[in-house]
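Encoded as structure tokens, the structure appears first; notes follow it.
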Amino acid sequence: MNETLRLNAYRWMTLTRTFDETMVAMWKQGRGIGGTFSERGHEAVSVGAGMALGPDDVVAPMHRDLGTYLLRGMTPERIFGNLLGRQMGVSGGRDANLHGLGDLDLNIIGFISHIPQAIPTALGAAMAFRYRDEPRVAMTFVGDGGSCSGAFHESLNMAALYNAPFVLIIENNQYAYSTPLSQEMKIADIAGRLPGYGLAATTVDGNDVEAVYAATTDAVERARSGGGPSVIEARTMRMLGHAIHDGAQYVPEALLAEWESRDPVRMFRTRLIKGGVPAEDLDALDQAAATEIAAAVRVAEAAPLPDPESVGEGVFA
Amino acid sequence: MNETLRLNAYRWMTLTRTFDETMVAMWKQGRGIGGTFSERGHEAVSVGAGMALGPDDVVAPMHRDLGTYLLRGMTPERIFGNLLGRQMGVSGGRDANLHGLGDLDLNIIGFISHIPQAIPTALGAAMAFRYRDEPRVAMTFVGDGGSCSGAFHESLNMAALYNAPFVLIIENNQYAYSTPLSQEMKIADIAGRLPGYGLAATTVDGNDVEAVYAATTDAVERARSGGGPSVIEARTMRMLGHAIHDGAQYVPEALLAEWESRDPVRMFRTRLIKGGVPAEDLDALDQAAATEIAAAVRVAEAAPLPDPESVGEGVFA
Amino acid sequence: MSDNFGFSDAPQHAPEDRTLTYLEAITEALFVEMDRDEDVLVMGEDVGGDFGGAFNATKGLAAKFGDRRVINTPIAELSFTGMANGMALMGLRPVVEMQFADFISSGFDSIVQFAATSHYRGIGKVPWVIRAPSDGGIRSGPFHSQNPEAWFVHTPGLKVVAPSTPADAKGLLAAAIRDDNPVIYFEAKPLYRSIKGDVPGGEHVSEIGKAAVRRSGTDVTVIAYGTQVHTALDAAERVAADGIDVAVLDLRTLKPLDTEAILEAAIKTGKVVVVHAANRMVGVGAEVASLIAEEAFESLDAPIIRIGGLDTPVPFSPPLEDAYRPSAGKIESAIRKLADY
Amino acid sequence: MSDNFGFSDAPQHAPEDRTLTYLEAITEALFVEMDRDEDVLVMGEDVGGDFGGAFNATKGLAAKFGDRRVINTPIAELSFTGMANGMALMGLRPVVEMQFADFISSGFDSIVQFAATSHYRGIGKVPWVIRAPSDGGIRSGPFHSQNPEAWFVHTPGLKVVAPSTPADAKGLLAAAIRDDNPVIYFEAKPLYRSIKGDVPGGEHVSEIGKAAVRRSGTDVTVIAYGTQVHTALDAAERVAADGIDVAVLDLRTLKPLDTEAILEAAIKTGKVVVVHAANRMVGVGAEVASLIAEEAFESLDAPIIRIGGLDTPVPFSPPLEDAYRPSAGKIESAIRKLADY
Ligand SMILES: Cc1ncc(C[n+]2csc(CCOP(=O)(O)OP(=O)(O)O)c2C)c(N)n1
Ligand SMILES: Cc1ncc(C[n+]2csc(CCOP(=O)(O)OP(=O)(O)O)c2C)c(N)n1
Ligand SMILES: [Mg+2]
Ligand SMILES: [Mg+2]
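Protein chains in written order, with the numbering used here: chain A, 1459 to 1775; chain B, 1459 to 1775; chain C, 36 to 376; chain D, 36 to 376.
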């Protein structure tokens, strides 16, 4: 990453972190509706991978990829609106929390709960680009948990077979809800599955935004130039519970402490400062993020809920 | 294999082949009901793998594993009865052709169309043995085509995770219906997928009954002694169409000719004779098979169809 | 897979009207629509190459339009249907073949969860078609004879059509392809080669959501779709000799239901039999009967009789399958019962 | 996963009668049945360890019965349900938890194709239970609020139960576990902690296939199940002041339906409202209404009104979800309409 990109990455990471902390606080205060998912710890993955895409590429993020939504231009306001069931929210109050954040004008395919549906969907987008000979790439994400599910296998086999311009990021955050990796699979190395499909795979430190960006940029360029699909396993840690209500007592404290010492936002900040970026510049970005998020919350909270009369609209196109 | 086992293997292979040829001829003569599947070319796999099981082990064969059914004691009569929709057929006229050949008294789980449902089912049987600390093994089969489907992945991941006493035979017969292997997957080596689950896999010549038997025996013993699951890829060729109506014009003649020269039954016969078994002994087994199959057809054809009044019986236990 | 085939600029498959089988009409719709719109493509198991699918419905398409537009898939219904979702979101119009309707359950999540909900949730339009060769009576056993339409009519967000004639087979497939929503197209495989009919040439598009009166009558109304339209017409013939005048309404579209036509047909005779090959319990017929019981209650002169498959898996053996299925005889008895009521 | 836990010989969880929440009653049934029968085991995502599932329904089971009998599975509904099929064929009685009923579609083939057909096809008995936490009204959005029971009631070969009270939550779960068939147990998660009731201690088994009259009345009958039994009772209270006497029938089992009780209840008042939270179109209510329209036609004094979810995905935002769902107000209007008819 060059200087501009690095500052950009920091900007999105701090915005993501601020969004997340604000959201968690609001829900604890009872200002939320329904549940929601924190993505604390995933900032480097969602931002690093998302930044590797060009504007015409399509991405199907999952429930911990807030950074990807933000950096592609989905405003915090619209996302808070979604969380709060507002008409101005991304799904107009139809879908919940970080689901349903879809906006094809931003080339974002919204998330669906059923894991890992995003994989075949994004593969289909990639196949459409290939069909039309467009130099576009489709990217999506899956968790360690989701990688145990059948669509992972079916889709990666087809991605390889059809040489689709497709990139998959595996967010290995050690847990699927309460279930540790060791109870999800015998192996420790998910990327080790990919040669079985005839696909290359890389493993990166998912807390290092530059490493994620570099690996993803390679993958995106390979896909764009006809070199076919690739898979990146980003190793990281889910720092809070599975969802907002979950205290995650099942996670050993030592494990959390270890990862906390490698917090992706702080780690990157330290690196930037060491590299000569003035701390004030970063403080200014933090401050801008705080202002932007506070404003977004104000707008979303003040916005009207949908009209109940509209409930039947939009089932069909 | 010792001498007894070899003669046994030949006996089952010639019985299987004779059944198959008789069935194909009957269907061509219009003496069949509905469609059916030939398993010509698969005799070494179904017999070699099936013989490796002990009497208390459970097997879930697929649509080309006629030999496995026969050697476990399902009589040709009952199978012809199934093909002809007779009350005395294995499923009492409820299921078709080589589907529904289930008999838990013979430790056989009947086949279901939806590919590859047999894998999780057999894995469940293996889990039951593990649960009860019984020294039993569950085995099943899948085609190259079925190996592209999600349940393959989900189940092998769990088989490894739970260290289940489970054996899977992949019958790679080069085609899934009209689709050649090269249009099913990018890789040529299905067994290469297994390390990705933390599982060992072996590839064997699926036309060599002794090779299949040896590899399967190892796998069964490993499973029985707590060593966990294994997978064997048997390379063979589907010598007729996908089902009885299919002329398989899409298969190159040269490919068929090549495999015809390695016909599993003839190849084994030649080896036995070279090894000193008198040809007359084998002729006698062929003759016995012909007699047994002819009698089975007579009985099945003469047997009554089910009473239509009974159609509603047996939906619930 | 070869990528070298371009799009065709050849003329439409059949500009003139012809007599076609139900299966030929399906193939013709695919030819015409693919020729008309480059965004239309076909995918599924064995649909490509010279083979053209288990029933040859796509035969000739690869030769004309190339492997790029006629895609053979591995056995992976969940994900190739999921792939169709993504293609459709990007504006393509994939026509997915299930080898048998029975295997649609293997792709269930991609249909009922993703495709069905996407427009409502603001994700985007999902304009695909799933072709599902359904129905039995041809001794194919429990896994090659199913009629699973009720699952999908129950699920909000899907359209469902079920043609009974060659003209509708063509016209409803074209309409399904042009519709901006996910449409499941249940083609009745027992009709593939058993019925022929006049089919308009060139572009022919039927309206989704419109039922058709196949026979007018004043005594009893039979409401049916797919194969059972023909069985109902047979039954109507049988009783005509005795002066019982039967109307037959062909639903054609199962979702959205043509409630107006259903109520009109019910009100006209006040006596209704609803028939389908799918098993009866919580079938589409239950919706039709309930609709009438709620909205046309005043006009009813007799109980509404439903006839469907029995509540068992589809049995293989001929006497069992015949007992399982609706038949002209069963419909005839119901008609007579109502006529005498 | 540790294999070192043996079976418990401790006494049953609760020998004496107690007042329990709906959720506590579920947990108690699991304790009692696991204690009684070593063949009973629990499996699903996150059910094990100290955690005990997304709703804590299995909390404490692993501590008592060991990891061997309380198995955490990866996210693989298709195959862990398929695994349950194989276990059940071997004589075990797995109780599979779907984390939400919404995810039951991911295991669809293993349920509707394998489990549902196996006994009929002579494969063997498949005595499992799937616990499916269903229903909404708690702002969980389209994928954590579904009521998918109609798919399964339509499918031959499955039993389906849907308790509305803590006593039934315990009794029907025990009955489902002891039943030799695959039983889908729809537990209404909005009731988990919102209702309490008397629950018999020790072994308590309700009969599958029997409806219960929750309120007798002579003017209008409301037939409901799950959460909507409570909504119906609320509505009945509301109109009681105006002298409208409403009967409420709780179906409890959706398959096999208690047709006798349904017809009796319908005939008694001649006026029927059918209510469920699942969307109305081709829902279980359609079967109930059609059954009445066919078998109790002569006794009907008014149209049969069905109330269900709208034909949309379950929307998240409170005003939308409230508009989507049945409510005491909607039921009240229907009752008044019928009373005035
Ligand atoms: C098919 C399916 N089953 C169950 C769930 C419920 N569920 C939601 S997230 C989750 C855990 C996901 O773990 P992972 O894929 O590792 O992603 P993470 O939450 O750790 O980021 C589960 C079980 C689901 N969404 N989809
Ligand atoms: C889920 C599913 N989709 C489609 C089919 C239809 N079908 C039956 S056999 C078959 C090909 C199977 O190929 P393979 O697994 O290689 O086994 P083989 O027939 O070659 O022995 C197909 C597509 C099916 N049975 N199940
Ligand atoms: Mg995870
Ligand atoms: Mg094959």
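Every residue gets a Cβ at the ideal spot worked out from N, C-alpha and C, and that includes glycine.
With respect to the beta strand (DSSP E) encompassing residue 343(C), which residues constitute its N-terminal and C-terminal limits?
-> For residue 343(C), the enclosing beta strand (DSSP E) begins and ends at 340–344.
Is there at least one Cβ from chain A nearer than 7 Å to residue 149(C)'s Cβ?
-> So yes, residue 149(C) belongs to the interface.
Which one or two residues does DSSP pair with residue 57(C) in a beta bridge?
-> Answer is none; residue 57(C) lacks a bridge partner.
Distance, residue 1691(B) Cα to residue 1660(B) Cα | Roughly 6 Å between the two C-alpha positions.
Applying a beta-carbon distance threshold of less than 7 Å, which residues of chain C neighbour residue 1537(B)?
-> Within chain C, no residue has its CB atom less than 7 Å from the CB of residue 1537(B), the nearest being about 14 Å off.
At 9 Å on the CB atoms, spell out the chain D contacts of residue 1553(B), in chain order.
-> What residue 1553(B) touches in chain D: 152, 155, 156, 157, 158.
Mind listing the chain A neighbours of residue 113(C)? Cutoff is C-beta to C-beta under 8 Å, in chain order.
-> Correct list: 1578, 1608, 1609, 1612.
Return yes when at least one heavy atom of ligand 3 lies under 6 Å from the C-beta of residue 150(D), else no.
-> Look at residue 150(D): its beta carbon is at least 6 Å from all of the heavy atoms in ligand 3.
Residues of its chain near residue 377(C), where Cβ-Cβ distance is below 7 Å and the 5 sequence neighbours each way are ignored | No answer is possible for residue 377(C): it lies beyond the span of chain C, which begins at 36 and ends at 376.
Assigned secondary structure, residue 71(D) (DSSP; H/G/I helix, E/B strand, else coil) = Residue 71(D) sits in a helix when the DSSP states are folded into three classes.
Cα separation between residue 185(C) and residue 173(D)?
-> Taking the straight line joining both Cα atoms gives about 28 Å.
Give the residues from the region 57–80 of chain D that approach chain A closer than 9 Å (Cβ to any Cβ), ordered along the chain.
-> Answer in chain order: 80.
Beta-carbon proximity of residue 367(D) to residue 270(D), cut-off 7 Å = The Cβ-Cβ distance between residue 367(D) and residue 270(D) falls below 7 Å.
Check the DSSP bridge columns for residue 1663(B) and list the partner residues they point to.
-> Under DSSP, the beta-bridge partners assigned to residue 1663(B) are 1693(B).
Report yes if the C-beta of residue 1550(A) is less than 6 Å from at least one heavy atom of ligand 3; otherwise report no.
-> Checking every heavy atom of ligand 3 against the Cβ of residue 1550(A), none is found closer than 6 Å.
Checking contacts by CB at 7 Å: is residue 1583(B) closer than that to chain D?
-> Cβ-Cβ to chain D under 7 Å: yes for residue 1583(B).
Where does residue 78(C) sit, in a helix, a strand or coil, going by DSSP?
-> Looking at residue 78(C) - three-state DSSP - the assignment turns out to be strand.
Residues bridged to residue 1599(A) by DSSP?
-> Paired residue(s): 1627(A).
Work out the CA separation of residue 170(D) and residue 202(D) for me, nearest whole Å.
-> Spanning the two alpha carbons is a distance of roughly 19 Å.
DSSP bridge partner residues for residue 231(D) (one or two, in chain order) | DSSP output for residue 231(D) lists 56(D) as bridge partner(s).
Could you give the DSSP three-state label for residue 1790(B): helix, strand or coil?
-> The structure shown has nothing for residue 1790(B), since chain B only spans 1459 to 1775.
Spatial distance of residue 1601(A) from residue 1772(B) (CA atoms) = Approximately 43 Å between the Cα atoms of the pair.
Give the straight-line distance between the Cα atoms of residue 1685(B) and residue 1624(B), rounded to the nearest whole angstrom.
-> Answer to the nearest angstrom: the Cα atoms are 10 Å apart.
Among 225(D), 164(D), 180(D), which residue has its Cα nearest to the Cα of residue 210(D)?
-> Comparing Cα positions, the closest option is 164(D).
Taking only the alpha-carbon atoms, compute the straight-line gap between residue 1536(B) and residue 314(C) and give it to the nearest angstrom.
-> Residue 1536(B) and residue 314(C) have their C-alpha atoms spaced approximately 29 Å apart.
Mind listing, in chain order, the continuous alpha helix (DSSP H) runs of no fewer than 4 residues lying wholly within the region 297–324 of chain D?
-> Secondary structure in the region 297–324 of chain D: no alpha helix (DSSP H) run of 4 residues or longer lies completely within the stretch.
Using a Cβ-Cβ cut-off of 7 Å (strictly less than) and excluding sequence neighbours within five positions of residue 58(C), which residues of its own chain qualify?
-> Once the five neighbours on either side are set aside, the close Cβ partners of residue 58(C) are 90, 92, 227, 228.
CA-CA distance, residue 334(D) and residue 305(D)?
-> Looking at the two C-alpha atoms, the distance is approximately 5 Å.
Looking at C-alpha atoms only, which residue of 1656(B), 1645(B), 1646(B) is the closest neighbour of residue 1649(A)?
-> Minimum Cα distance to residue 1649(A) is reached at 1656(B).
Over the uninterrupted alpha helix (DSSP H) stretch that includes residue 1701(A), give me the two end residues.
-> Residue 1701(A) -> no alpha helix (DSSP H), and no H or E assigned at all.
Figure out for me which residue from 1638(A), 1581(A), 1586(A), 1588(A) has the closest Cα to the Cα of residue 1606(A).
-> Relative to residue 1606(A), the option among 1638(A), 1581(A), 1586(A), 1588(A) whose CA is nearest is 1638(A).
Excluding sequence positions up to five away, which residues of its chain have a Cβ less than 8 Å from the Cβ of residue 275(C)?
-> Result list for residue 275(C): 281, in chain order.
Taking just the CA atoms, how far does residue 1492(B) sit from residue 1577(B)?
-> Looking at the backbone, the Cα of residue 1577(B) and that of residue 1492(B) are separated by about 26 Å.
Which residues DSSP lists as bridging residue 1514(B), in chain order | DSSP output for residue 1514(B) lists no bridge partner at all.
Report yes or no: is there a C-beta of chain D within less than 7 Å of the C-beta of residue 1618(B)?
-> Contact of residue 1618(B) with chain D is not assigned, every C-beta pair being separated by 7 Å or more.
CB-CB under 8 Å to residue 253(C), same chain, minus the five flanking residues each way: which ones, in chain order?
-> Correct list, in chain order: 280, 282, 303, 304.
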